[in-house]
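Shown next, in the form of structure tokens:
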């Protein structure tokens with residue numbers, strides 16, 4: 001049986017901050033995400049998806065939009 005991932009790097013472009021596996025981004029970058037996108041990420045998150053590696057397409061779409069939002073705000 002494989003061991004669950006405990007942490008990973010923040011998904012914001014260029015960030016090296018380690019965050020718990022259940023989180024998409026570090027707190028600094030998460031605060032840059034527009035509130036409706038934050039809500040979409042939370043709504044579509046399913047507890048344990050970081051362990052079984054089966055996130056929904058809706059979650060992935062929301063996560064990608066959140067990453068793009070931060071990238072735009074950082075001029076990337």
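Numbering (my numbering), first residue to last: 1 to 76.
Yeah, the Cβ is synthetic: ideal placement off N, Cα and C, and Gly gets one too.
Exercise. Once you ignore the five residues that flank residue 29 on each side, which residues in its own chain have a CB closer than 7 Å to its CB?
Worked result: Position 29 of the chain shown, counted from the start, is the residue given in the question as residue 29. Closer than 7 Å at Cβ, skipping near neighbours: 10, 12, 15, 70.
Exercise. Do you know how far the Cα of residue 51 is from the Cα of residue 31?
Worked result: Stepping through the chain shown from its first residue, residue 31 is reached at position 31. Stepping through the chain shown from its first residue, residue 51 is reached at position 51. Using only the alpha carbons, I get a separation of about 25 Å.
Exercise. Can you tell me where the beta strand (DSSP E) with residue 9 in it begins and where it stops?
Worked result: In the chain shown, the residue the question calls residue 9 occupies position 9. Per DSSP, residue 9 belongs to the beta strand (DSSP E) from 7-9.
Exercise. Where do the ends of the alpha helix (DSSP H) carrying residue 74 lie?
Worked result: For the purposes of this step, residue 74 is taken as residue 74 along the chain shown, with counting starting at 1. Neither: residue 74 is in no alpha helix (DSSP H) and is coded neither H nor E.
Problem set entry | From 62, 58, 7, 76, residue whose alpha carbon lies closest to that of residue 35 | Position 35 of the chain shown holds residue 35. Selected option, being the one with the closest Cα: 62.
For this session: Compute the Euclidean distance between the alpha carbons of residue 41 and residue 54, then round it to the nearest angstrom.
Result: Working through the chain shown from its first residue, we reach residue 41 at position 41. Working through the chain shown from its first residue, we reach residue 54 at position 54. About 15 Å.
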